[in-house]
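Each residue of the sequence shown is one higher than the one before, starting from 1 at the first, in full-length UniProt numbering.
Positions of the beta carbon are idealized from the N, C-alpha and C atoms, including for glycine.
Inspection log for the structure reproduced underneath, given as structure tokens.
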Amino acid sequence: MKRKSASILTHRLVVCYNVIVRQWKGEGHPINRFRWRIMERRGELSEEMLMKKKVVNDYFHSRLTGKYD
């Protein structure tokens with residue numbers, strides 16, 4: 001019984017999170033990495049989102065390689 005109620009609670013939290021993010025960011029914004037990858041494959045990401053991806057990837061690459069600008 002405890003496991004079932006924990007599962008239901010987790011499900012509700014995930015749904016609430018997705019609804020809140022959808023309301024906050026808007027319809028055209030991916031709410032998680034899964035949606036991000038789908039939108040990226042379809043070419044639905046805006047230029048701003050693609051630029052953010054490049055900035056984040058460059059930052060992590062510089063942290064891993066030790067090469068800073």
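The alpha helix (DSSP H) enclosing residue i, as first and last residue numbers
i     : result
Asn18 : 2-25
Glu47 : 47-65
Spatial distance of residue i from residue j (CA atoms)
i     : j     : result
Lys54 : Glu47 : 11 Å
Arg63 : Asn57 : 10 Å
Val15 : His61 : 33 Å
Leu50 : Tyr17 : 23 Å
Pro30 : Arg41 : 13 Å
Arg3  : Thr65 : 44 Å
Leu9  : Gly43 : 35 Å
DSSP state of residue i mapped onto helix, strand, coil
i     : result
His29 : coil
Glu40 : helix
Own chain, CB closer than 6 Å to residue i, minus 5 neighbours either side, in chain order
i    : result
Ser5 : none
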